[in-house]
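Visitor: My structure is below; once you've seen it, I'll send some questions.
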Amino acid sequence: MSALTGQVEGVLDAARHAVADIGDASIRTAEIDALATRLHQPLRVAIAGKVKAGKSTLLNALVSERLAPTDAGECTTIVTWYRDGSTYRVTMHPKASDPVQVPFRRTDGSLDIDLRGTTGDDVERLEVEWPSAALSDMTLIDTPGIDSISTHLSDRTHEFLNADGGSAVTDAVLYLMRHLHASDVRFLESFHDQEASRPSAINSIGVLSRADEIGVGRLDAFSSAKRIALRYSDDPKIRRLCQVVTPVAGLLAETATTLRQDEFGALQQIAAADRAEIDGLLLTVDRFANAEASVAVTPHERQELLDRFGIFGIRLSCALIRQGRATTSAELSSALIDKSGLGALREILTTHLAARSDVLRARSTLLALDRLVGTSGATDTHRFDAEIERLRSTVHEFAEVELLGDLRTGRIRLAESDAERAERLLGSHGGLAHQRLGADPETMPDELTKLAIDQHGHWQRVSENPLTARPAADAARVLTRTCEGLLVAGRAAS
Amino acid sequence: MTTPTDTAPPAAAVSPERVRATEILAAATGAARRLERDDLVERLTDASRRLDRPDVTVLVVGEFKQGKSSLVNALVKAPICPVDDDVATAVATVIGYADRSEAAITCETAGDEGGEERHDIRVGDAGAFVLSGEVAGTGQQVHTVEVNIPRKILRAGLRVVDTPGVGGLESAHGRATMGALSMADAVVFVTDSSQELTASELEFLRAAHERCPLLLCAMSKIDIYPRWAKIRDLNLGHLARAGLDIEILPIASPLRVRALETNDAALHDESGYPALVERLETSVLSRGEAIQVSSALGHTVDVVEQLHHTETTSRDALADPTKREELVEAAYAAKERADAMRGAASRWQTVLNDGIGDLNSDVDHDLKTRTRVLIAEVEELIDENDPVEIGDEAFPMIEERLMGDIAENYRLLQSEASDLAARVAELFELDVAEDPSLARMLVAMPSVLDESDGMDIEVDDAPSFKASLLTGVRGGYGGTLMFGMVAPVIGLAALGPVTLAIGGLMGRKAAKDERERQLKIRRQQAKAGVKKHIDQVVFTVNKHSKDTLRQVQRDLRDTNIARAKELSMTATAAMKAAEQAVRTEDSEREARLEALDASIDQLERIRTAADSLRRQVAQVAGGREAVAA
């Protein structure tokens, strides 16, 4: 247990104490106990975004299994949790009654859950327990798309992310965006907790989804997607809402993680066939699926390939096979994981979310507690208020989170040459030491120590310079402490 | 794709109505030439030229990145609109016909005075202006880009406008586009096959359906989405549930381009473009054509009437010598009166000049009232909040409201200008009616502006004044004038966002003791910034309204003066004919009378033919209108 988690438990105790005297104390205490349990559970990450952004597809890719049903039309209608468990089990949480276990089947891999006559409107959420290594660090939460024509589906997502204490239900969010529209940004804003009305970029990651479609299926589509993601990452409006934006071709990623040998075989045959004929086939989806061809892959099989890979994925796979870069299905799978951007996204999840899961969990727990105690009607909240305030003001991680938010929204401005370095130091590019110091992963520990000492001196000078404005000087002090933390951790490691 | 250098092939298939109208026009032109009325010949030649090319504006709209520019390029077979994976179209691009390729931009004037200026540019440079939205170097905002190229589909009279993506109905672009919709003849809504229509797209379609007579939905990118047919069916379901009768046309722009390059007819069919082009030609162009034919026939009837008057005067004088004196006198009086009507003191001119003045101040006042309300609301908002806190939500809101106000303001201008044109034309007719001789010359008088809702054609036995007013010169510059207002409304949305105007605002967290003072300063700065921005936009819009009205005034004046001049010449001709009859030898009289009777008979036949064809066209157009509504 980290020191931070221990401190949060202290606040939980204070909260229990505060609600001990009120009428429905047992209910509140149970809620507090639930929060306490959560502190030791995997990080809860919601996957949200506009309708048809590819949320379920991405979820499947991250779990490497086709669990969530996907379809050309709108599909996900109920908020669904996917968590690691010892057994395969689906639990339905109705709005008005107790959770109940429900039967399920798997059709074509994806879950077909029997709600036993309950309509989607009456279900608060579904919880899928699934033994999976991919879920051991993170519980993933699939949501219905916003801007759905069925407005009640949109409402369910807004409800989920905004419900009383709702933003505390999740610790972080992956926000899938295609091309950014006004309604996307409004939605992203609604996710952010209203604590001191300061949106913070700390707990959300932007995913430029369906990246393969940006270049309308061209082979170089992905480089365009990278360029766009980079631009989004630099856009002030998006910067204040999410840490980073990374492109992912969801369908390709899902297929890559669940690639079958027979699919690889079919692709090999297509890649080996006459180039001109194949180019003609690949001109349109209709031709590929229906046209007569000399290839020994039936139109029916081709249609299935299209559904799994998309036209871009087939073109790309054929190119990889022809170039000899994918001679086995395992090689093709790993090449596609790389090409689809899934590899990069996994990396970011590790560095940006998993690495600071303590802080994220503590944050969402405190927010939930604050709201819980505040609305409970408890009168003797003195100790609780003091505890929570003490934690907020003394825990350096919170100061970092707040400062990063301030820098990104422009509330605090540093000299231009300092700004990027400061954000990096605060963990904008990941929470590991080398990421914070802007060094290569291979950098030796004493080299890192030297970098940390350099930065320490720099920020100290900034904070002590009489010409530095007060807010900037405060910021520099936080940064100085961050350097100290890195130095201490470095010494402990060596 | 080839560069737009190939010359235009012959015009598209010609409808029987147009063929018939051309014949009637040719017969009338022959008669005018025989009677040596060069002014009337010229008028008919103009009408016949316009008949060749209806003037129809098609707006291509949709959300970001749905393939609007690709559609426009594939449609006109030229890479005019830049297509980029990332950068979206920033400025409306207007593509029309010219025998040789040419391009121009309309942009704000250099400096701060908020006017508009026009520059010719190279066709190849158009794309850069469309993407950047500003003039390189000077940073002037570009409002619209105009490109004219020799293409068959355009030669038929289509003008295609590629618009920036709307990004939601409430966005500034969305409001501006919505404002422009009501001024367009047809709208092609583009949505791609990657997903069903979204809530905001459906909302946009619903609003567009109310505002525009003809709405098509093109579903793009069917070459890369395997499940496009399913998406189409889902969309049809959504449309049906929303009660919208809109046709969905699946298309694939790259296929059209490739099919044209390789001459592959099967591939061309797969691209879906033949169907789209067919719809544009049948539904959109034929509607424009109906108006055009009707207008040309209006001119014909008018001209024939004047020739008829000269000829009957001549015959009457010849047939009954006692009447000669009287006929000459009447013709002389008519000429005097027609000449007077060309003078600046004539009634219609006074009404026109006063009307334009009133209109100027009405439109100005309307916009000022609207923006004053907006400014008041914004100031209240700023007083209640810290500008730094609300900035990001408030500024787009201001922008959206402003665009909505401007669109409403343009609509006001348009409808009032049409009213004025009708009033002036009515007065002109009244002046004419006071002189029996003049009145006889002018049974049908076409006028300048068409009402905004276009096809309100009355079908009477006799072509009424109202009918000719509505169908009259619409095909002339009425359309151009109306179009002139479409593009700026969209273009204005490209003006610098209000956020920029008060950019320096966001920042510096104040020290505790200074907080109050700083907040006050921030509020003042924010108010001043917003006000300055709105003033600038209002100034630009005002300038544009004034220019538009000046054009309306000039057009109305020129048309009516030309008409008065014609009447004067007709009266002169009648006078001469009557005088000539005095000198006719008895031996020639019989032959002359016979020739005159034949000529009159021919004119009457032309007129009857024109009248009946006009009724027929009006019914066709009116009937189609009923279907669309």
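Chain order of the listed sequences is A and B. The numbering used here numbers the first residue of the first sequence as 9 and each following residue consecutively. The numbering used here numbers the first residue of the second sequence as 3 and each following residue consecutively. Cβ coordinates follow ideal geometry from the N, Cα and C atoms, glycine included.
(1) Taking a contact to mean a Cβ-Cβ separation below 7 Å, would you say A69/A touches T265/A in this structure?
(2) Compute the Euclidean distance between the alpha carbons of G481/B and V78/B, then round it to the nearest angstrom.
(3) Which of the three DSSP states, helix, strand or coil, is assigned to D270/A?
(4) L257/B touches chain A at which residues, Cβ-Cβ below 7 Å?
(5) Would you kindly work out how many angstroms separate the C-alpha atoms of L238/B and V163/B, rounded to a whole number?
(6) For the region 259 to 276 of chain B, which residues have a beta carbon sitting closer than 7 Å to at least one beta carbon of chain A?
(7) Span of the beta strand (DSSP E) holding G89/A?
(8) What did DSSP end up calling D29/A once you bin it into helix, strand or coil?
(9) Can you tell me which of the three DSSP states G128/A falls into?
(10) Which whole-angstrom value is the C-beta distance of D122/B and A106/B, which I expect to be below 8 Å?
(11) How should P84/B be labelled, buried or exposed, when 16 other C-beta atoms within 10 angstroms of its C-beta is the threshold for buried?
(12) For the pair the region 326 to 334 of chain A and the region 235 to 243 of chain A, tell me if three or more CB-CB distances fall below 8 Å.
(13) Is it buried or exposed for R533/A, if we count other Cβ within 10 angstroms and need 16 for buried?
(14) Starting from M221/B, follow its DSSP beta bridges and name the residues at the other end.
(15) Does V375/B pass the burial test, meaning 16 or more other C-beta atoms within 10 Å, or should it be called exposed?
(16) With C-beta atoms as the reference, is R400/A less than 7 Å away from F406/A?
(17) Please tell me whether Q197/B has its Cβ less than 7 Å away from any Cβ of chain A.
(18) Leaving out the 5 sequence neighbours to the left and right, which residues in its chain are closer than 6 Å to L42/B when beta-carbon positions are compared?
(19) Along chain B, in chain order, which residues have C-beta atoms closer than 7 Å to that of A297/A?
(20) Enumerate in chain order the residues of its own chain whose CB-to-CB distance from L502/B is below 7 Å, with the five nearest sequence positions on each side excluded.
(21) Roughly how many angstroms separate the alpha carbons of E418/B and Q351/B, rounded to a whole number?
(22) Express the C-alpha separation of V58/B and L569/B in angstroms, rounding to a whole number.
(23) Of the choices V543/B, V89/B, T95/B and L415/B, whose alpha-carbon is the least far from that of A82/B?
(24) When you compare the CB of I236/A with every CB in chain B, is at least one pair closer than 7 Å?
(25) Taking buried to mean at least 16 other C-beta atoms within 10 Å of its own C-beta, is E379/B buried or exposed?
(26) Could you tell me the boundaries of the alpha helix (DSSP H) in which V144/B lies?
(27) Only counting the same chain, and skipping five residues up and downstream in sequence, which positions put a Cβ closer than 6 Å to that of D414/A?
(28) With a 10 Å radius around its C-beta and 16 neighbouring C-beta atoms as the bar for buried, classify T200/B as buried or exposed.
(29) Would V475/B be called buried (16 or more neighbouring beta carbons within 10 Å of its own) or exposed?
(30) Between the beta-carbon of I233/B and the beta-carbon of S195/B, is there less than 7 Å?
(31) What are the complete alpha helix (DSSP H) segments, minimum 4 residues, inside the region 244 to 316 of chain A?
(32) Do three or more CB pairs link the region 136 to 143 of chain A to the region 92 to 104 of chain A at distances below 8 Å?
(33) Any chance the region 314 to 323 of chain B sits against the region 570 to 585 of chain B, with 3 or more Cβ pairs inside 8 Å?
(34) Enumerate, from N- to C-terminal direction, the unbroken alpha helix (DSSP H) stretches of 4 or more residues contained entirely within the region 41 to 121 of chain B.
(35) Which residues in the same chain have their Cβ closer than 8 Å to the Cβ of R591/B, if we skip the five residues on either side of it in sequence?
(36) Please work out which residues of its chain come closer than 6 Å, Cβ to Cβ, to S71/B, disregarding the five sequence neighbours upstream and downstream, and give them in chain order.
Guide: Quick answer:
(1) Cβ distance < 7 Å, so A69/A and T265/A count as in contact.
(2) Model confidence at G481/B stands at a pLDDT of 38, short of 50, so the residue's coordinates are unreliable; what they give is reported in the following sentence. The straight-line gap from Cα to Cα measures roughly 21 Å.
(3) helix
(4) T292
(5) 26 Å
(6) Residues E272.
(7) For the sequence presented, residue 89/A should be read as Trp rather than Gly. It spans T88 to R91 - the beta strand (DSSP E) in which W89/A sits, taken as one unbroken run.
(8) coil
(9) helix
(10) 5 Å
(11) Label assigned to P84/B: buried.
(12) no
(13) Since the first and last residues shown for chain A are 9 and 502, residue 533/A lies out of range.
(14) T193/B and P252/B
(15) exposed
(16) yes
(17) Closer than 7 Å to some Cβ of chain A, the Cβ of Q197/B qualifies, so yes.
(18) A34 and V305
(19) In chain order: P228.
(20) The pLDDT assigned to L502/B is 38, lower than 50, so where the model puts this residue is not dependable; a value taken from the coordinates is nonetheless given after this. Counting only Cβ-Cβ distances below 7 Å, and skipping sequence neighbours, we find nothing.
(21) 17 Å
(22) When rounded, the distance between both Cα atoms is 32 Å.
(23) Note on residue identity: the sequence assigns Ile, not Ala, to residue 82/B. Answer by Cα proximity: T95/B.
(24) Residue-level contact check: I236/A touches chain B, since one or more beta carbons of chain B fall below 7 Å from its beta carbon.
(25) exposed
(26) It is not in any alpha helix (DSSP H) - V144/B instead sits in the beta strand (DSSP E) that spans V144 to I151.
(27) I420
(28) buried
(29) Note that V475/B scores a pLDDT of 32, beneath 50, so its modelled location is shaky; the value from the coordinates is reported in the next line. V475/B is buried by the Cβ-count criterion.
(30) yes
(31) 244 to 247, 258 to 265, 269 to 280, 283 to 289 and 293 to 298
(32) yes
(33) yes
(34) 70 to 78
(35) L320
(36) C83, V85, T91 and D164
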